[in-house]
Every structure is written in C-alpha cells, then in structure tokens.
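A.B. asks: Mapped onto the numbering used here, the consecutive letters of the sequence shown carry residue numbers 707 to 779.
Quick reminder that beta carbons are idealized off the backbone N, C-alpha and C, glycines included.
Here the structure is a predicted model, which is why all the values come from computation and not from measurement.
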Amino acid sequence: MRVVRQFHFHGWPEIGIPAEGKGMIDLIAAVQKQQQQTGNHPITVHCRQEQYEFCYKVVQDFIDIFSDYANFK
707 MRVVRQFHFH GWPEIGIPAE GKGMIDLIAA VQKQQQQTGN HPITVHCRQE QYEFCYKVVQ
767 DFIDIFSDYA NFK
C-alpha cells in the first residue's frame, strides 16, 4: 500500500504571484518535514497555468545555481 500526501497552497492569487513569500516558505518547510519523516519519497507538483510558469522558472533557476556551485567542492 502507498500513501499519498497532498499539500495545498491556498495563498496564490488568480493573477500574479503572492504578495509575501512566507506562505510558500512555510509550505516548503512542511513538505521537507514530511520528506524527512517518511523517507524522501518522490514529490509531485500541480499548478495552474500562471503558477506553473512561475514555479518552473524558480526550479530552473535553482537547478542552474546548484549546477554552478556544485563544482566548487
């Protein structure tokens, strides 16, 4: 049996991005805590169109930064 836990962020407006980042940071912290408690299972993300574009850009920037700094070890 597999358990799927869904996190739902309610603070995203219909148009644009949230005025503050605290809610998103709290969501990320909750997901990280769940990951630590359950053994780092895969994560899936579902977004509306505008959110998808924003989240994709953030993830892509994170990957680019990680790639840049990974070589400094």
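Hey, Gln740 and Arg708 are a contact pair by Cβ (cut 8 Å); roughly how many whole angstroms apart?
C.D. replies: Residue mapping note: residue 740 aligns to position 34 of the sequence shown, counting from 1. Residue mapping note: residue 708 aligns to position 2 of the sequence shown, counting from 1. Actually they do not touch by this definition, with Cβ atoms about 14 Å apart.
A.B. asks: Determine the DSSP secondary structure at Met730, reduced to helix, strand or coil.
C.D. replies: Position 24 of the sequence shown holds residue 730. Looking at Met730 - three-state DSSP - the assignment turns out to be helix.
A.B. asks: Do Ile723 and Phe760 count as a contact pair if the criterion is CB distance below 8 Å?
C.D. replies: Here residue 760 refers to the residue found at position 54 when the sequence shown is read from its first residue. Here residue 723 refers to the residue found at position 17 when the sequence shown is read from its first residue. Yes; because the gap between Cβ atoms is below 8 Å, this pair is in contact.
A.B. asks: Tell me whether the beta-carbon of Phe715 lies closer than 8 Å to the beta-carbon of Val737.
C.D. replies: Locating residue 715 in the sequence shown gives position 9, where the first residue counts as 1. Locating residue 737 in the sequence shown gives position 31, where the first residue counts as 1. Not closer than 8 Å, so no.
A.B. asks: When you compare only the Cα positions, how much space is there between Met730 and Gly745?
C.D. replies: Working through the sequence shown from its first residue, we reach residue 730 at position 24. Working through the sequence shown from its first residue, we reach residue 745 at position 39. Rounded to whole angstroms, Met730 to Gly745 spans 22 Å at the Cα level.
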